[in-house]
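Novice: Each residue of the sequence shown is one higher than the one before, starting from 37 at the first, in this note's numbering. Glycine is no exception: its CB is placed at the ideal position from the N, C-alpha and C atoms. Bear in mind that the values here come from a model prediction, so they are computed numbers and not experimental data.
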Amino acid sequence: MSGSLTSAKRIVIKIGSALLIDPASGELRRSWLQTLCADVAALKRDGKDIILVSSGAIALGRRALGLKPGTLKLEESQAAAAAGQVRLAHAYADILSGENITAAQILLTLGDTEERARYLNARATLKTLLSLGSIPVINENDTVATAEIRFGDNDRLAARVASMMEADCLVLLSDVDGLYTADPTNNPEAKHIADVPAITREIEAMAGTSVSGVGRGGMVSKLIAAKIATGAGCDVLIAKGAVDHPLRRISEGAKSTRFHASTTPAQARKRWIAGVLKPQGTLIVDAGAAKALSEGKSLLPAGIRQIDGRFERGDAVAVRDSQGNEIARGLSAYNASDAERIAGKKSQEIEAILGYRGRDEVIHRDDLALTGNA
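#1: Is the beta carbon of Ala372 less than 9 Å from the beta carbon of Glu397?
#2: Among Val89, Leu124, Ala140, which has the Cα closest to the Cα of Gly169?
#3: Specify, as a first and last residue, the run of the beta strand (DSSP E) that Pro282 falls within.
#4: Take Val89 as the anchor and find which of Thr236, Asn223, Ala265, Gly52 has the nearest alpha-carbon.
#5: What does DSSP give as the partner residues of Val173 in its beta bridges?
#6: Assuming contact is defined by CB atoms lying nearer than 9 Å, are Leu313 and Arg356 in contact in what I supplied?
#7: Using the three-state DSSP reduction, which class does Gly120 fall into: helix, strand or coil?
#8: Using C-beta distances below 6 Å, list every residue in its chain close to Arg284, excluding the 5 sequence neighbours before and after it, in chain order.
#9: Is DSSP giving Lys80 helix, strand or coil here?
#10: In chain order, which continuous runs of the beta strand (DSSP E) of length 3 or greater are located wholly inside the segment 331-405?
#11: By DSSP, does Gly267 sit in helix, in strand, or in coil?
#12: Helix, strand or coil for Asp197, going by three-state DSSP, please let me know.
#13: With H, G and I counted as helix, E and B as strand and the rest as coil, what does DSSP make of Thr107?
#14: Out of curiosity, what's the CA-to-CA distance linking Thr300 and Ile229?
#15: Do Ala328 and Gly317 have their CB atoms nearer than 9 Å?
#16: If you reduce the DSSP assignment to three classes, tell me which class Thr300 lands in.
#17: Count the other CB atoms, across all protein chains shown, that sit within 10 Å of the CB of Gln359; report buried if there are 16 or more and exposed otherwise.
#18: In the DSSP assignment, the beta strand (DSSP E) including Arg65 goes from what residue to what residue?
#19: What is the residue span of the alpha helix (DSSP H) that Lys163 lies within?
#20: Alpha carbon to alpha carbon, how far is Gly214 from Lys50?
#21: Going by C-alpha distance, which of Lys109, Leu108, Ala44 is nearest Gly14?
#22: With Ile49 as the anchor, note down where its beta strand (DSSP E) starts and where it stops.
#23: Taking the C-alpha atoms as reference points, what is the distance between Val122 and His281?
#24: State the Cα-Cα distance for the pair Gly408 and Gln303, rounded to the nearest angstrom.
#25: When DSSP labels each residue in this structure, what does Val279 get in the three-state scheme?
#26: Per the DSSP calculation, Cys205 is bridged to which residue(s)?
#27: Taking buried to mean at least 16 other C-beta atoms within 10 Å of its own C-beta, is Gln384 buried or exposed?
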């Protein structure tokens, strides 16, 4: 278990509401959060990229607004999220600053990880924050979400973020220390499962339900998240978070369940681009650009000779050589109109031509998969 966390270069950590919020008082468990942030800082000092996906805004906000216990109406949940998110973000920013780390708040919905233009925007922002040494703190955008509040959960959002950011490891901190053969609260004979090579129907049948009364998830949502993340090349750890220094304890061998990735992040992303997405347009490139792509480089506007089709930023496009042979597919950083205007031009000319500073590449190498003999 500890090996997965130790060897990972990019880690997404999901923190459940039951860990952050005292169920009796409705207040933030600040002392516990300080131990978590100390663990996060230690991982960062080891050279790891860390992204936090944190619940807790609605639970914090309902106390601040004086909302009564029980199920909230949709508009009450949205109001509670608005009031609670301010307090949640401030706590992370304050505590992480004590570790000389800058926290950055990002609010997402699942749509931001699935609609390609928004996906590219979110991914670029997160990559920039990580490159600047910041730790992004992500929560679901509950103030505008509708179905997400009633049916969604941050386990699934964390898995989508892990997939989007090509993370090596997703840690789901919760009120349980992993997967059991049955619900351990109801069955004293239930046995802990430390290692899950693949998520089978038998494994899925073992899932129980949340007993915290604070969060919206449960083992079912965690298995859904694990299937998403492992399919994207990311190991998943489910571990008990309701202890001081929960990440350090995992590294020291505390009980948890590891779900093994079925591929690597790079392979999963390349496969998705190459085979799942339908190209909306075609870029014809010269011999120099084709050679550069074969060497693992990005597609620059200077190498493009022709644009065919109508596509938007973030859409998949096919890349063909001058003989019409498909050599690659990728996600375009520009729509067809703008791509036509900068085709054949140098990257430093983009701002003058378009009136804004876009990416230097029409298709970044991270968003491109070779499909032919480039």
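Specialist: Considering the structure as presented:
#1: no
#2: Ala140
#3: It is not in any beta strand (DSSP E) - Pro282 instead sits in the alpha helix (DSSP H) that spans 282-287.
#4: Gly52
#5: Leu88, Gln141
#6: no
#7: helix
#8: Asp75
#9: helix
#10: 340-345, 352-356, 362-367
#11: helix
#12: Just to set this straight, residue 197 is Val in the shown sequence, not Asp. Of the three classes helix, strand and coil, the one that applies to Val197 here is helix, per DSSP.
#13: coil
#14: 23 Å
#15: no
#16: coil
#17: exposed
#18: Run containing Arg65: none; DSSP gives neither H nor E here.
#19: 152-167
#20: 14 Å
#21: Lying before the first or after the last residue shown, residue 14 is absent from the chain, which here runs from 37 to 410.
#22: 46-51
#23: 24 Å
#24: 16 Å
#25: coil
#26: Ile47, Asp271
#27: exposed
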